[in-house]
Every structure is written in C-alpha cells, then in structure tokens.
Amino acid sequence: MASRHLSRSVAMQTLYEWDFNNRDASAIPEILAKNLVEFGTGLDDRDFPRELVHGVLEHVETIDKIIEKAAPEWPIAQIAMVDRNILRLGLFELLYGDRDAVPPKVAINEAIELAKSFGGESSGRFVNGVLGTIYRELGEPGKEHPRRGEQSPAKQEEYVGAVIFRRDPDGAQWAMVRDIFHHWTFVKGQREPNESPEEAVRREMQEEVGLEGTIRATLGENSYPATNEAGEKVMRRVTYFLVETTGTELVLETGGGLVEAKWVPMAAVKELKHYEDTNHIIDAAMETIGHGRADNAE
468 MASRHLSRSV
478 AMQTLYEWDF
488 NNRDASAIPE
498 ILAKNLVEFG
508 TGLDDRDFPR
518 ELVHGVLEHV
528 ETIDKIIEKA
538 APEWPIAQIA
548 MVDRNILRLG
558 LFELLYGDRD
568 AVPPKVAINE
578 AIELAKSFGG
588 ESSGRFVNGV
598 LGTIYRELGE
608 PGKEHPRRGE
618 QSPAKQEEYV
628 GAVIFRRDPD
638 GAQWAMVRDI
648 FHHWTFVKGQ
658 REPNESPEEA
668 VRREMQEEVG
678 LEGTIRATLG
688 ENSYPATNEA
698 GEKVMRRVTY
708 FLVETTGTEL
718 VLETGGGLVE
728 AKWVPMAAVK
738 ELKHYEDTNH
748 IIDAAMETIG
758 HGRADNAE
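Numbering (this note's numbering), first residue to last: 468 to 765.
Structure below.
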C-alpha cells in the first residue's frame with residue numbers, strides 16, 4: 468500500500484474511533500499512536516496522518532456544515548460513521564490541503580478508494596457524489612467547460628450577482644462576502660419567476676447584506692455547472708451588476724451559506740481567495756469605477 472494512502476487509512480481509523488468515543492479530542496494522541504503501531508507498519512512519514520487528523524478536528528464544524536449543504540437529505544448524524552469520517556478527511560484535503568502536493572481530483576479519488584475499502588456497498592458512490600458536488604461548487608478551473616464526451620446540463624438557472632461599492636475618501640470600498648468554502652465572492656442569488664434581473668439584484672442585496680443601492684452598469688456573465696437543491700444537474704448563468712450604495716453597515720443573512728461580510732478596498736480585492744472565473748467581472752468593475760463610468764444613475 469502506497470505510503471500516503473496508508474497514512475489516510477490510519478487517519479480515517481483514528482477519526483472513526485474518535486467519533487465512536489463521543490468525539491473526545493483528549494483521546495486522539497493515544498488512539499493515533501495505537502493505530503500507527505497497529506496499521507502503520509513500514510510508514511516512513513508519520514507526520515502526515517497526524518496533520519490530517521488534527522486538521523480535520525480543527526475544522527470539523529465548518530466541514531460538517533459543508534457536507535450537510537452538499538447532501539441536504541443526509542444530516543451528518545445519519546451518515547454512516549465510516550462514510551462521514553472519510554468525507555471529513557477528503558473534504559479537509561480538498562479545502563485546506565496543499566493543492567500542489569495533493570490536487571483536488573487526487574483528494575477525491577483517495578477518499579473514494581477509502582470508502583470502497585472500509586465502507587459499505589454504496590459508500591464509494593456516496594462519497595464520490597458528495598465530494599464531486601463540493602468540487603464543482605468550489606469553482607475549479609475549467610468547470611464551465613464540460614469534459615470531452617460530456618454534455619452540458621440541459622436545464623439552465625438564471626442568477627444575478629452584485630458588485631457593490633461605496634465611495635470613500637481613501638478610494639472605492641467593495642462589499643465582499645465569504646462563503647463556507649472559504650472563498651470571497653459577491654452577493655448572488657437566483658431570480659424568482661417574473662422578476663427582472665434588476666429587481667432580483669436589489670432583492671438579493673437587501674436579503675444578503677441589508678443594503679440598498681443604485682445600479683451603475685451591467686458587468687457581464689459567467690456560467691457554471693452545479694447541482695441544485697432538488698439534486699438536478701443544472702447550468703447556472705449569473706449576470707453581474709455594478710451597484711453603488713451609500714450604506715456602510717453590512718447585515719449578513721443567517722443560514723444562507725455565507726459566513727462573513729466586510730468592506731474591502733478595491734485595490735485589495737484580487738488579493739483575497741476568490742473564484743477565478745469572476746476575474747473578468749472584477750476587472751470590468753474596476754475599469755468602470757476607475758474611468759468614472761459608474762457616475763451615471765440607472
């Protein structure tokens with residue numbers, strides 16, 4: 468068994484025992500030491516399983532919320548104990564791991580192999596489905612381009628997004644929101660039936676961050692495949708607007724998949740961890756504001 472795969476097996480066994488024993492973190496050193504002796508024969512790098520276990524424990528609350536968001540029909544307590552700890556392990560590597568050392572697809576495939584080895588008959592498919600959904604939502608490069616031989620989802624959902632800014636003596640400030648995948652992004656939501664894009668973007672601003680504003684420009688679109696709440700594979704098309712506000716207080720919506728909102732100087736936006744497929748939207752907004760074309764009301 469390859470060294471890293473063996474390390475993940477030891478980490479998964481340790482997390483399983485931690486979970487079985489009422490999640491007593493104080494028992495982790497003893498459990499891990501026992502498992503390294505029992506299952507880690509010939510394992511040269513014993514730091515890697517430790518890093519995996521302690522990484523999962525550090526982020527387990529966030530990880531569990533993401534799992535429940537990706538599989539809403541499966542509350543975390545109802546997922547088989549082996550499967551949920553494999554998901555925790557895979558998701559930790561997917562979200563917090565070194566992507567140069569462990570590319571996302573490798574993290575997913577390793578989790579699937581663990582599920583096939585240690586889980587039930589359907590565990591591999593279940594882990595693949597959950598981590599695959601999260602992987603698509605992460606905005607990996609190329610997600611808007613189907614693989615060869617793979618068709619784009621036939622169903623399309625219309626979304627709107629708002630690049631919200633306010634004028635400040637020190638320069639434009641942008642309202643940014645951070646999602647549960649630890650990416651900074653923009654207010655965004657699905658259009659309701661018979662709702663215009665402009666009406667939708669005003670509603671989303673009010674609901675997600677408690678702001679009102681004036682639409683200054685249409686910035687462009689991006690599309691990406693996703694899985695909706697009904698479990699259907701869809702193509703989401705997002706139309707982004709540049710919106711100016713005079714408000715200063717950000718009131719973050721609760722329970723909507725966002726964890727933080729803050730004002731960010733325009734010059735610092737691209738330094739944040741963000742979705743690469745919105746770079747053209749960011750560039751268009753910066754150019755519009757910088758050249759004074761955001762001075763005209765809607």
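Note that CB positions come from ideal geometry on N, CA and C, so glycine has one too.
Exposed or buried, which one is residue i when buried takes at least 16 other CB atoms within 10 Å?
| i | result |
| --- | --- |
| Asn695 | exposed |
| Gly609 | With a pLDDT of only 35 at Gly609, under the threshold of 50, the placement of this residue in the model should not be trusted; the figure read from the coordinates follows. Result: exposed. |
| Asn502 | buried |
| Gln480 | buried |
| Lys429 | Nothing can be reported for residue 429: it is not among the residues displayed for the chain, which extend from 468 to 765. |
| Glu560 | buried |
| Gly408 | Residue 408 falls outside the range modelled here, since the chain spans only 468 to 765, and no answer is possible. |
| Ala544 | exposed |
| His472 | exposed |
| Thr755 | buried |
| Asn552 | buried |
| Glu675 | buried |
| Gly591 | buried |
| Asn689 | buried |
| Pro542 | exposed |
| Gly656 | buried |
| Asp511 | exposed |
| Glu671 | buried |
| Pro516 | buried |
| Thr745 | buried |
Report the partner residues of residue i according to the DSSP bridge assignment.
| i | result |
| --- | --- |
| Arg658 | According to DSSP, Arg658 bridges with nothing at all. |
| Gly687 | Tyr707 |
| Asp646 | Leu725 |
| Met702 | Gln623 and Pro692 |
| His526 | His526 is not bridged to any residue. |
| His741 | Trp651 |
| Val731 | Trp641 |
| Ile601 | Bridge partners of Ile601: none, in fact. |
| Ile533 | BP columns for Ile533 are empty, so no partner. |
Looking at the unbroken beta strand (DSSP E) that takes in residue i, where does it start and where does it end?
| i | result |
| --- | --- |
| Val630 | Lys622 to Arg633 |
Would you mind giving the Cβ-Cβ distance between residue i and residue j, rounded to the nearest angstrom? I have them listed as a contact below 8 Å.
| i | j | result |
| --- | --- | --- |
| Ile449 | Arg555 | For residue 449 there is no data in the structure shown, the boundaries of the chain being 468 and 765. |
| Thr712 | Arg633 | 5 Å |
| Val701 | Lys622 | 5 Å |
| His526 | Tyr563 | 6 Å |
| Gly677 | Glu716 | 7 Å |
| Ala478 | Leu519 | 4 Å |
| Ala728 | Ala642 | 7 Å |
| Ile749 | Val731 | With a Cβ gap of about 11 Å, Ile749 and Val731 do not count as contacting. |
| Glu625 | Arg658 | 5 Å |
| His741 | His650 | 6 Å |
In terms of residue numbering, what span does the alpha helix (DSSP H) encompassing residue i cover?
| i | result |
| --- | --- |
| Pro664 | Pro664 to Val676 |
| Lys572 | Pro571 to Phe585 |
| Ile495 | Ile495 to Phe506 |
| Leu554 | Met548 to Tyr563 |
| Ser589 | Careful: Ser589 lies outside any alpha helix (DSSP H) and carries neither H nor E. |
| Leu774 | Outside the shown range of the chain, which is 468 to 765, sits residue 774, and nothing can be said about it. |
| Gly757 | Asn746 to Gly757 |
Using a threshold of 7 Å, is the CB atom of residue i nearer than that to any non-hydrogen atom of the ligand COA?
| i | result |
| --- | --- |
| Ala752 | Ligands are entirely absent from the displayed structure, and the ligand COA is therefore not among its contents. |
Check your understanding: Do three or more CB pairs link the stretch 592-600 to the stretch 635-649 at distances below 8 Å?
Key -> no
Check your understanding: Within the chosen definition, does the stretch 578-587 reach the stretch 549-566 through at least 3 CB pairs nearer than 8 Å?
Key -> yes
Check your understanding: At a cut of 8 Å, does the stretch 494-506 reach the stretch 470-485 through at least three beta carbon pairs?
Key -> yes
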